[in-house]
Amino acid sequence: MTFELRNITRRFGDRVAVNSVNVEIPQGQMVGVIGRSGAGKSTLLRMINRLQEPSSGSMHFGDIEVSSLKGASLRNWQRDCAMIFQQFNLVPRLDVLTNVMLGRLNHRSTVLSLLNIFSDDERLAAIAALERLGIEQTALQRAGTLSGGQQQRVAIARALMQAPKMLLADEPIASLDPLNAKIVMDALRDINEREGITVVTNLHTLDTARSYCERIIGMAHGNVVFDGTPAELTAAAVQEIYGSDRDGAGIDETMTSTSINIPAAQVAAGTQSGGISTLASASA
Amino acid sequence: MATISEQNNRVPGGGLGPAASMVMQHYRQQLRTRRVYTAIAIVVFLFVLGASLNFANDANSGKFFERLPYLFDFIKNFVPDSPMEIFRAMFDLPSPYADGSLKYNYTSDRVYITETLYIPHFLYQLVITINIALVSTIIGAAIAFVLCFFASTNLVGAGATRFVVRRIMEVMRAFPEIVIAGLLTAILSIGPIAAIIAITVHTIGALGKLFFEVVENSDMKPDEGLRAAGASWVERVRFAIVPQVLPNFVSYMLLRAEINVRASTIIGAVGGGGIGEVFRLAIGRDHAAKTYAIIILLLISIVAIDQFSAWLRRRLIGNQSFEFGRGEA
Amino acid sequence: MTTSVPSINAADRERLRVAYPEVFHRSFLQRYGLLIGSGTVFLYLAICFFAFNVGPAFMQGQWDRASIYIQDWYSWRAQPRLRYEDDGSVRVQWSNRGQYAEGADIFWLQPTQNRGYKVTYGSDANRLDVTPTQVDVYVNGTAYPVTITEDAATAPAGAPSAIVQDGNKVIVHYGFAGQAEIRTSQVYVQRRFLGWANFLFDTRSEFWGKGWGELISLATVGDRLDPARANISHMWGDFLENTVWQHADIFSKLAQTLVMAFVGTLFGTLLAFPFAFIAARNITPNRAANWLMKRSFDFLRSIDMLIWALFFTRSFGPGPIPGIAAIFFTDTGALGKVYAEALENVDDKQREGVKSVGANPVIVNRFGVVPQVLPVFISQSLYFWESNTRSATVIGAVGAGGIGLKLLEAMGTNADWDKVAYMVLLILMVVFLFDAMSNAIRSRLIGGPSH
Ligand SMILES: Nc1ncnc2c1ncn2[C@@H]1O[C@H](COP(=O)(O)OP(=O)(O)OP(=O)(O)O)[C@@H](O)[C@H]1O
Ligand SMILES: [Mg+2]
């Protein structure tokens, strides 16, 4: 089944956050969305999950018109298209296991949920998901006490519990250190490859997008200005997506990198330190 | 402030640059206006206070200075025959002063459970009063708990729902308790139910307001996370909001329980039964020993309840203090 | 609700169960804690339900009366008695509430040619034609003659359910419009109308019975009814002196209640302010003084306001003074405690700053502490003021006077529920007004970037 965006537009007052986007994503693809801050990436993802309503245009998943769903069928769609966030959006006061099982909410009886009654099968599935992400030992801890990387993995485990057809990730690694970022990205890739779940992820780091995604969508000022494979993402394309800085020089790709020992980037390991120092000097 | 004006006196205007002297001039002008306003406010305030005091004195059936000596007489005359009398009145033990009058009759109101075992009258009434407070706190908090989510901006999009729920809460909060109690007493006849309902209504309004303010201040990220997972409104409230707000809710509820014990004493005195009514009768009939017995019982129970709830609250939310008064209307 | 849990094969299931037993074998408390907790609460409520006799009380409640009382809040009843005279005529006798002036022309109560009276309930289809020997009861246009003899009023056979034979009298119900009790010597008529009768002026006033338009024109441009004073002040005077509604008295009682709250809170604040400095450990470095002060606060606070109120009512007689005293005593304790806590939380850097210039302790507190705590103090006092406005109402009912006592008296008659409603409205208005006022003051004090 293909997911399709047709002329999706979103306005906030006069500002056009997303401008007439047309994209078709076949099932099982791993897509990275890149662009400058304010380009409309988050808005696009949130519209797909229907956390935000499009101003115009329509979205389709197979035969279903996602953009017109309401009530229970809307919630079913939200279940089918799991989402993870930069700030993890877990329930900090509940234990990790419950947080993961909350991914099942849409699958089960509301009354049982409200009474906090979960079956053994659900517990099994939750602990299995946690195990898969390597944080099973935290199962009975409060989610709020976990590190950022662990929390993001809990969020992914929760997304897995939804048994989704699609996984949206809004800057999943933006507040993580490089090592945790890698763990999380690897997990996303693993899910994409093993379950064949479509993954659409917003990324701030170009090299992450290059090494993990089979397809990259570049956005600028609400428009899709690039849509192709990592190989097609030339310096000129990058220039178009990110614009150029004040002195006219293009974006140094490593400048957006915060990652370490990512396989594809290992070749360019020599430039790593340089990249980080560029970042430091830029901010100085 | 003082140093600046002194300096200014020593170096009048000319010593400063033109810009600085302008600033100085403005500053002094401002200071002067402020002083004038303060003076006016104080005068108005004193006038209102004087008028109020005068009015209060006029409206009172006994005038303050005329009655002041009686106050001390009253206190002097209001001494129990012996300290033991207080103890006897408290536990319904027979009094050696018994002369057949109500004043020394402590035993006839005993509440017998078995042939010989009894609950002392005042203790029994105290238990009634505390139970009235507890029941109204529980029911009121439960209803306020349900209502508060419908009054929160971050959970209810429909402005009309929010508006209606909030207005209902406000009216419940401000509605005089004695009127509800009085109306119900007229319908249901005398008894604790009127008091329970009156206090419950107020509790719903007061707690409802505090509750929805807590809800509005809660972190919405968990809610967004659950919404994105396809959870329904109730499920989002249950799992994203309730865990965050529950400690604060319980702590507010405990504070309310403290307040309600006092409220149920007072409502009792107006006709709701319980220790309040017994106290009104005792002091009204000059039964010194009984009066002191009840005062001591009330003092002990209120201190105990306050301490217990303070301890529980500390355990729940740590030392975070509350920015509101005992009654908060 | 459709898809099952992501499937896991049997071997894995076993392994997981063994590896993480704590996930599957939760403690007894974890499993049943919620159930036991809520069960206990329910059990407690159920016990109270029976102990307080809630069921029987509700069953025996006089619910018919309840509906009358509630209707009285927003409507009024005229209750004339139509007495049968020996000469074959019917005479109208009014109860004491006096909603109509002597000899007023009342549209629903008109004399008939045969010296009887016609009482209409809304329309001519629902009416009574009263004569000493027979009352024709019209229900929805059909006449049912009720015959009256020396010893009984008798309804005809086949009368509708609105007409009830009750012993030797007949009762006719017309819903909200009212009812009538036909007896052997008279007919008790009860006629109900929406609104509050004679709310502005009683029947003795020259302004009675005039419409809004007429009143406004009288107040503004009309000729003076009383040459000695302007119409508007005449009106105000008549309004206040309204004998039925007693506006002047109610306003004065309300003012008493407000004064109780205002003066009581103010005095409490004034006394608690200096004492809190003594109670605060960081300000007065004398443990004994701190302890003594704090215990005094606790003592004042823990003696119920009711006790203070009754105590002072006994010594000063009913009125605002005992109310003021009761609020003053409890609030000195409560405010003192709150203030002392605020003082103990002040930022010491500012104090040290003032101390470092060599100021004496009073100055240190004046400039190093007071500016920090004053907004908190005032805002707390405002909260107390608000809540005391409510408390003063209840305290008043106990005996301190004011609107509370007035309410209690009005409720005691069981006939003045409209007056109760009026006072409740006044109280609600005042409370909302004070709410808004103290919120405005508080947000001006605390709001702003400085805090
Ligand atoms: N709720 C909102 N109200 C008003 N404007 C909004 C809202 N959400 C987003 N915008 C605007 O829409 C534009 C796109 O925002 P969006 O969050 O989608 O950008 P982004 O590409 O995700 O940026 P970043 O990389 O910083 O997260 C921005 O200009 C933003 O100001
Ligand atoms: Mg974003």
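Residue numbers (this note's numbering), protein chains in the order written: chain A, 414 to 697; chain B, 1308 to 1636; chain C, 1028 to 1478. Idealized CB from N, CA, C, for every residue including glycine. Just so it is clear, the structure is predicted and the values come from calculations on it, not from any experiment.
Item	Value
Please tell me whether serine 1415 (chain B) has its Cβ less than 8 Å away from any Cβ of chain A.	no
Ordered along the chain, which non-local residues of its own chain (more than five positions away) have a Cβ less than 7 Å from that of alanine 1449 (chain B)?	none
Using alpha carbons as the reference points, say which of B:Ile1602, B:Asn1524, B:Ile1612, B:Gly1447 lies closest to aspartate 1331 (chain C).	B:Ile1602
As a quick exercise: from A:Lys454, A:Ala485, A:Ala495, pick the residue whose alpha carbon is nearest that of isoleucine 569 (chain A).	A:Ala495
For histidine 1052 (chain C), count neighbouring Cβ atoms within 10 angstroms of its own Cβ and tell me buried if that reaches 16, exposed if not.	exposed
What does a CB cutoff of less than 8 Å around valine 1191 (chain C) pick up in its chain, not counting 5 residues either side in sequence?	Ala1182, Val1197, Ile1198, Val1199, His1200
With C-beta atoms as the reference, is valine 1577 (chain B) less than 8 Å away from isoleucine 1485 (chain B)?	yes
Can you tell me whether phenylalanine 531 (chain A) is helix, strand or coil according to DSSP?	coil
Any heavy atom of ligand 2 closer than 7 Å to the beta-carbon of alanine 455 (chain A)?	With the sequence shown as reference, residue 455 (chain A) is identified as serine, and alanine is not the correct amino acid for it. Yes, the Cβ of serine 455 (chain A) comes within 7 Å of a heavy atom of ligand 2.
Return the first residue and the last residue of the alpha helix (DSSP H) that leucine 1490 (chain B) is part of.	1484-1495
Is there at least one Cβ from chain B nearer than 8 Å to threonine 523 (chain A)'s Cβ?	yes
So which residues on chain B does methionine 496 (chain A) lean against when the C-beta distance must stay under 7 Å?	Ala1535
Please report the straight-line C-alpha distance between serine 672 (chain A) and arginine 521 (chain A), rounded to a whole angstrom.	Low confidence applies here, because serine 672 (chain A) scores a pLDDT of 45, under 50, leaving its location unreliable and the question unanswered by this model.
For tyrosine 1201 (chain C), does the three-state DSSP call read helix, strand or coil?	coil
Does DSSP classify glycine 484 (chain A) as helix, strand or coil?	helix
Would glycine 516 (chain A) pass as an interface residue toward chain B - the criterion being a Cβ-Cβ separation below 8 Å?	yes
How many whole angstroms separate the CB atoms of valine 1117 (chain C) and arginine 1110 (chain C), which I take to be in contact at a CB cut-off of 8 Å?	7 Å
Please report whether the beta-carbon of arginine 628 (chain A) lies at a distance below 8 Å from any beta-carbon of chain B.	no
Between phenylalanine 425 (chain A) and ligand 4, is there a pair consisting of the residue's CB and a ligand heavy atom that are separated by less than 7 Å?	With respect to small molecules bound, the structure shown includes ligand 1 and ligand 2 and not ligand 4.
When the Cα atoms are used, what is the spatial distance from isoleucine 1305 (chain C) to glutamine 1399 (chain C)?	17 Å
Is arginine 1543 (chain B) a contact residue of ligand 1, with contact defined as CB to any heavy atom under 7 Å?	no
Give a yes or no on contact between the region 1400-1408 of chain C and the region 1275-1285 of chain C, applying the rule of three or more CB pairs nearer than 8 Å.	no
State the beta-bridge partners of asparagine 615 (chain A) as determined by DSSP.	A:Val446
Sorry if obvious, but does the Cβ on arginine 584 (chain A) come closer than 7 Å to a heavy atom of ligand 1?	It is glutamate, not arginine, that sits at residue 584 (chain A) in the sequence shown. Within the cutoff, so yes.
Could you tell me which chain B residues have their CB closer than 7 Å to the CB of valine 504 (chain A), listed as they occur along the chain?	Pro1529, Phe1546, Ala1547, Pro1550
From the beta carbon of arginine 492 (chain A), is the nearest beta carbon of chain B less than 8 Å away?	yes
Between which two residues does the beta strand (DSSP E) carrying cysteine 494 (chain A) extend?	494-497
Under the three-state reduction of DSSP, which class applies to proline 1172 (chain C): helix, strand or coil?	strand
Looking at the secondary structure, which residues open and close the beta strand (DSSP E) in which valine 1568 (chain B) lies?	From DSSP, valine 1568 (chain B) is part of no beta strand (DSSP E) but of the alpha helix (DSSP H) over 1549-1574.
Residues of chain A with a CB under 7 Å from the CB of leucine 1043 (chain C): which are they?	Leu537, Ile540, Ala541
Output yes if chain D places a C-beta closer than 8 Å to the C-beta of glutamate 1523 (chain B); else output no.	The structure shown contains no chain D; its protein chains are A, B and C.
Would you call phenylalanine 1546 (chain B) buried or exposed, if buried means 16 or more other Cβ atoms sit within 10 Å of its Cβ?	buried
Which of the three DSSP states, helix, strand or coil, is assigned to tyrosine 1413 (chain B)?	coil
Does valine 1447 (chain C) have its Cβ less than 8 Å from a Cβ in chain B?	yes
Report the residue from C:Arg1231, C:Ala1184, C:Pro1347 whose alpha carbon sits nearest the alpha carbon of serine 1359 (chain B).	C:Pro1347
So aspartate 640 (chain A) is in the beta strand (DSSP E); what residue range does that whole segment cover?	636-641
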